[in-house]
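Mapping of the sequence shown onto mature numbering (1 follows the signal peptide of the UniProt record, and there is no 0): residues -30 to -1, 1 to 161, in sequence order.
Virtual Cβ for every residue (Gly too), placed ideally from N, Cα, C.
A quick write-up on the structure given underneath.
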Amino acid sequence: MRPLPPRAVHAACVLLVGVGLLFSPASARAEGAWTLKSDLDPDGGMNCSMDTYWEDGSKFSIFANANRFVGFFISDPAWSLQTGQESRISFRFDGQDFTFPVKVVAPAAVIGNFAADEGGALKFLERWAKSWEMAIVFPKGGTWQVNLKGTMATFRQWTACYKRLDRIARENGGAGGDGGGAGGSSDGNPF
């Protein structure tokens, strides 16, 4: 799959930051269940991610790496998946679904690629940054409710990180190939 073009990500970032200015300063600073993580060392993983975790060890991240791959990572320690398995996951906001392909990369983890539907990815990021709640819907019907409080502020930080990441990657020739809610799933394989 081809990477999401940096211009498209940058355009979405500019649009969302502009939309964010319409919110009151208090809501922009609201602390939520999201954290920003980054590794901008050309000798390291070179990535920027927005992460949320559940008490059972489950995790959801939206990330970009130095190879201009923009995607998401979902893990649950209770899963027992077959590496290489492919499926689809939907993200639901007020009844509207955004569906993307995923690939199992470890027995308890999948990675999804936003470039599979570039237009849908940009709309997803806009809804994600502006909404209060989202559901991750798995193929067998299981859902995780995801608290999106604080995502606009985290998205602004991620946008700045992504711009630095892109600049550093261009200067250093890229990188290697790897570059809060109810959570959890009791099903060992929700796909």
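Practice task
List the whole-angstrom C-beta distance separating S8 from C18, where the pair is believed to meet the contact cut-off of C-beta under 8 Å.
Solution key: By one-based count along the sequence shown, residue 8 stands at place 38. By one-based count along the sequence shown, residue 18 stands at place 48. Rounded, the Cβ-Cβ distance is 5 Å, consistent with contact.
Exercise for the section: Run through the region 6 to 44 for me and flag every whole beta strand (DSSP E) of 3 or more residues, listed as ranges in chain order. Expected result: Restricted to the region 6 to 44, the beta strand (DSSP E) segments that are unbroken, complete and at least 3 residues in length are 17 to 23 and 29 to 35, listed in chain order.
Exercise for the section: Go ahead and pull the three-state DSSP assignment for D136. Expected result: The residue labelled residue 136 in the question sits at position 166 within the sequence shown. The answer is helix: DSSP assigns D136 an H, G or I state.
Practice task
Within the same chain, show all residues whose beta-carbon is closer than 7 Å to that of T121, passing over the 5 residues directly before and after it, in chain order.
Solution key: For the purposes of this step, residue 121 is identified with residue 151 of the sequence shown, where counting begins at 1. These residues qualify, in order along the chain: G2, W4, W98 and A99.
Handout entry: Unbroken beta strand (DSSP E) run spanning W114, endpoints
Key = Against the sequence shown, residue 114 aligns to sequence position 144. Counting along the chain, the beta strand (DSSP E) containing W114 begins and ends at T113 to N117.
Exercise for the section: Spell out the partners DSSP gives R62 in its beta bridges. Expected result: Here residue 62 refers to the residue found at position 92 of the sequence shown. In the DSSP output, where bridge partners are listed per residue, R62 has D67 and A105.
Practice task
Step through the CB atoms of chain C and report whether any lies within less than 8 Å of the CB of Q66.
Solution key: In the structure shown, chain C does not exist; there is a single protein chain.
Problem - Backbone secondary structure at A76 - three-state DSSP - result: Working through the sequence shown from its first residue, we reach residue 76 at position 106. A76: strand per DSSP, three-state reduction.
Handout entry: P71 Cβ short of 7 Å to the ligand MN heavy atom set
Key = Questions concerning the ligand MN fall outside what the structure shown contains, since it holds no ligand whatsoever.
Problem - Check whether A78 and P47 have beta carbons under 8 Å apart - result: As a first step, residue 78 must be located in the sequence shown, where it is residue number 108. As a first step, residue 47 must be located in the sequence shown, where it is residue number 77. Their beta carbons are under 8 Å apart, which means A78 touches P47 by this criterion.
Practice task
Taking C131 and L51 to be in contact with their CB atoms under 8 Å, please state how far apart those CB atoms are, rounded to whole angstroms.
Solution key: Start at 1 with the first residue of the sequence shown, and residue 131 comes out as number 161. Start at 1 with the first residue of the sequence shown, and residue 51 comes out as number 81. The Cβ separation is near 29 Å, so there is no contact.
Problem - D67 to S60 span [Cα, whole Å] - result: Stepping through the sequence shown from its first residue, residue 67 is reached at position 97. Stepping through the sequence shown from its first residue, residue 60 is reached at position 90. Looking at the two C-alpha atoms, the distance is approximately 6 Å.
Practice task
Could you spell out where the alpha helix (DSSP H) holding G120 opens and where it closes?
Solution key: As a position in the sequence shown, residue 120 is number 150, starting the count at 1. Segment: none, G120 is in no alpha helix (DSSP H) and carries neither H nor E.
Handout entry: Reference R62; option with closest CA among I44, F33, A76 and S101
Key = Your numbering for residue 62 matches position 92 in the sequence shown. Distances from the CA of R62 to each of I44, F33, A76 and S101 were compared; the closest alpha carbon is that of S101.
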